[in-house]
Amino acid sequence: MVLIPLIRDYIDRMLQDISGMKVLILDPQTVGMVSVVYSQSDLLRKEVFLVETVDDASSSRASMAHLKAVYFLRPSSDNVQKLRRHLSAPRFAECHLFFSNILKIPQIQVLADSDEQEEFYADFCAIDPFHFTLNIHNNHIYMLPTVVDPPGMQSFCDRAVDGIASVFLALKRRPVIRYQRTSDVAKRIAQETTRLMYEQESGLFDFRRTENSSLLLVIDRRDDPVTPLLNQWTYQAMVHELIGIENNKVDLKEFANVPKDQQEVVLSAVQDDFFRVNMFENFGDLGMNVKRMVDDFQHLSKSSQNFQSIDDMAKFVSNYPEYRKTHGNVTKHVALVSEMSRMVEERKLMQVSQTEQELACASGQAAAFEAVTSLLNNESVSDIDRLRLVMLYALRYEKESPVQLMQLFNKLASRSAKYKSGLVQFLLKQAGVDKRTGDLYGNRDLLNIARNMARGLKGVENVYTQHQPLIFQTMEGIVKGRLRDADYPLVGNHFQQGRPQDVVIFIVGGTTYEEARSVALYNAANPGVRFFLGGSVVLNSKRFLENLGEAQRISKSSTLL
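Under the numbering used here, the first residue of the sequence shown is numbered 1460, with each subsequent residue one higher.
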């Protein structure tokens, strides 16, 4: 549980050294950072009786002299100005300021009136032990040339650099830095991170004993556009794809058959043992495990109603909070699995996904064209699934079958009014074969071709989960020293000596839960090196297509392109 305890430890230290009743004041970003690692009951145990956002606290004038204020904010100019106003008209007994990243000298001077200021390096959202996100709102910007929106691109890169720096400060590492050669935005983030770590704040990053033992690799989402387009069949990834997860919370309000007390649920490996054990399980095994959990709970319910003595009743009362928690957990997982089962049937996702996997993993253009055409004609297949199928076909066969590809474009336009083929063509312009660095389909490199053939001969355990994200090859390349300098250049004159012990792979444009699963499983199988995965957001196919559509809209309207 590497990243999660780091953030929990920072929050523990903030709260436990300030005695008495407290109010915790957060900004929209730190709300997410805290909520994924700290529960409401955790806060109550630290005597936090109120949580406010900095905006709510700004608008209120009510005195709360019985509370001590603990501010935990990103060190943005906007937040510093809000704090300045708070400190000029104090509402609380004391004000203790904690920042998620490095404060600049002018900001420190502005905040001189506070009771305490401290920097805690928690400027990222640790959603899983080896997976973090920065939740950058303008995520589409990475697909556009800088000239289209220079301030927007600067803001995007600044946030990425801040988040990456915070991760390495929390890990107490200064890495060697590499980037994907074909991505201008990855290069810019890598160079600005190098400048921060080795020049502007070199003293802060001077962890001598760990020098050169870690690596930061900055890559671009467009090098693997396939992974965020696929349907998912393991628990965590499937929930995000079909329903959506935001900061480990799942909103079920729009689903008719969900109990009122389960309309927003938490999926956290820290707070939920069943989820921790099953988050990477495939849907078939998950269904069996949920059934076992329901059977166990029914047995517990029957035994709890059979009181033979006063002692039995007393035991039940003392165990009642745990009983209620178990009941809530059972209801939550049953609701999620039931809703996903309904959606799989309604959208014919088993047929759709089988073709997706074939497009991602197997060769055979004629059979693929026939399968995609058949699904485009199927009335039960949704518009978004039709679009994804054509995109996956286009990415795989853009050079091999231009005539058939045009036929699919025309069919898509006639069947799915919302999605025009222009979005597929924009994807190819962004992430087509001529733009990519990695061997996405394992058909460029002789070693990858041989590996794929061997995998095909052995067969696959599950046809719906046979796809392996490109990041797996990247991790293998790092561990075996095969990551080519020509494709992933170093920044500056800082060289890796031997195999790195800690590697952060940051994906500009966003990660997926399928990739997070690959990283977690790779770490479990290879204890000599720890990989961490981070990105600007956590994608599902809907979010990826929204970002693509927004970038296309801006490109069309811009006079600079």
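A virtual CB, placed ideally from N, CA and C, is assigned to each residue, including glycine.
At what residues does the beta strand (DSSP E) containing residue i begin and finish?
i	result
leucine 1674	1673 to 1679
tyrosine 1981	Premise fails: tyrosine 1981 lies in the alpha helix (DSSP H), 1972 to 1984, not in any beta strand (DSSP E).
phenylalanine 1991	1989 to 1994
aspartate 1961	1961 to 1967
threonine 1653	No beta strand (DSSP E) holds threonine 1653; the alpha helix (DSSP H) holding it covers 1643 to 1654.
Return helix, strand or coil for residue i, following the three-state DSSP convention.
i	result
lysine 1527	strand
aspartate 1582	coil
asparagine 1911	Low confidence applies to asparagine 1911: its pLDDT is 47, below 50, so where it sits in the model is not reliable, and the reading given next is rough at best. Helix at asparagine 1911.
aspartate 1501	helix
alanine 1552	strand
leucine 1906	Here leucine 1906 scores only 48 on pLDDT, less than 50, and its place in the model is too uncertain to base an answer on.
phenylalanine 1557	strand
serine 1535	coil
histidine 1596	coil
glutamate 1723	strand
leucine 1949	strand
lysine 1917	For lysine 1917, the predicted structure reports a pLDDT of 44, less than 50, and the residue's modelled location is therefore unreliable. The matter cannot be settled from this model.
threonine 1896	coil
threonine 1512	strand
lysine 1563	coil
alanine 1794	helix
phenylalanine 2003	helix
phenylalanine 1664	coil
serine 1522	coil
proline 1687	helix
Among residues of its own chain, excluding the 5 on either side of residue i, which ones have a beta-carbon nearer than 6 Å to its beta-carbon?
i	result
histidine 1953	Val1635
lysine 1784	none
tyrosine 1972	Gln1695, Ala1696, His1699
leucine 1465	Ala1629
leucine 1949	Arg1637
valine 1607	Ser2017, Leu2019
leucine 1942	Gly1936
leucine 1794	The sequence given here places alanine at residue 1794; leucine does not occur at that position. Contacts found: Val1717, Gln1721.
Any idea which residues DSSP pairs residue i with across the strands?
i	result
glutamate 1705	Lys1708
leucine 1481	The identity of residue 1481 in the sequence shown is lysine, whereas the question assumes leucine. Note: lysine 1481 sits in a beta bridge opposite Val1507, Lys1527.
glutamate 1740	BP columns for glutamate 1740 are empty, so no partner.
threonine 1693	Asn1741
aspartate 1587	His1590
isoleucine 1636	Leu1675
glutamate 1577	Phe1557
valine 1997	Thr1970
Sorted by chain position, which residues of the same chain lie with C-beta nearer than 8 Å to residue i's C-beta, five sequence neighbours on each side aside?
i	result
alanine 1645	Tyr1638, Gln1639, Val1677, Ile1678, Asp1679, Val1967
glutamate 2009	His1599
phenylalanine 1733	Asn1748, Met1752, Asn1788, His1792
arginine 1633	Phe1627, Met1656, Tyr1657, Phe1664, Asp1665, Phe1666, Thr1669, Glu1670, Ser1673
valine 1529	Met1473, Leu1474, Ile1477, Lys1481, Val1482, Leu1483, Ile1484, Val1507, His1555, Phe1557
glutamate 1805	Ser1839
methionine 1799	Met1697, Val1698, Leu1701, Ile1702, Phe1742
glycine 1918	Caution applies to glycine 1918, whose pLDDT of 46 falls short of 50 and renders its modelled position unreliable; the model cannot decide the point.
Can you give me the start and stop residues for the alpha helix (DSSP H) that residue i sits inside?
i	result
valine 1862	1861 to 1874
leucine 1854	1842 to 1856
threonine 1832	1824 to 1835
phenylalanine 1714	It is not in any alpha helix (DSSP H) - phenylalanine 1714 carries neither H nor E in the DSSP assignment.
glutamine 1488	1487 to 1494
glycine 1611	1609 to 1630
leucine 1929	1929 to 1938
alanine 1819	1808 to 1820
leucine 1462	1462 to 1475
Assuming residue i and residue j are in contact, meaning their beta carbons sit under 8 Å apart, how far apart are those beta carbons, in whole angstroms?
i	j	result
cysteine 1584	glycine 1491	5 Å
leucine 1882	glutamine 2011	6 Å
proline 1684	leucine 1886	6 Å
leucine 1835	arginine 1874	6 Å
valine 1997	threonine 1592	5 Å
leucine 1867	valine 1840	At roughly 14 Å, the Cβ-Cβ gap does not stay under 8 Å, so leucine 1867 and valine 1840 are not in contact.
glutamine 1816	tyrosine 1981	The Cβ separation is near 21 Å, so there is no contact.
leucine 1502	valine 1510	7 Å
lysine 1894	arginine 1550	Going by Cβ atoms, the distance from lysine 1894 to arginine 1550 rounds to 53 Å, so no, they are not a contact pair.
Please return the same chain residues whose Cβ sits closer than 7 Å to the Cβ of residue i, not counting the five positions on each side in sequence.
i	result
aspartate 1621	Asn1560, Asp1582
asparagine 1690	Glu1700, Leu1808, Val1811, Ser1812, Glu1815
glycine 1746	Val1796
glutamine 1488	Arg1533, Asn1594
phenylalanine 1615	Ile1595, Asn1597, Ile1600, Tyr1601
isoleucine 1463	Val1496, Ala1585, Pro1588, Val1729
leucine 1688	Arg1847, Met1850, Leu1851, Ser2000, Phe2003
Please check if any C-beta of chain C sits within less than 7 Å of the C-beta of residue i.
i	result
leucine 1674	Of the chains in the structure shown, none is chain C; there is only one protein chain.
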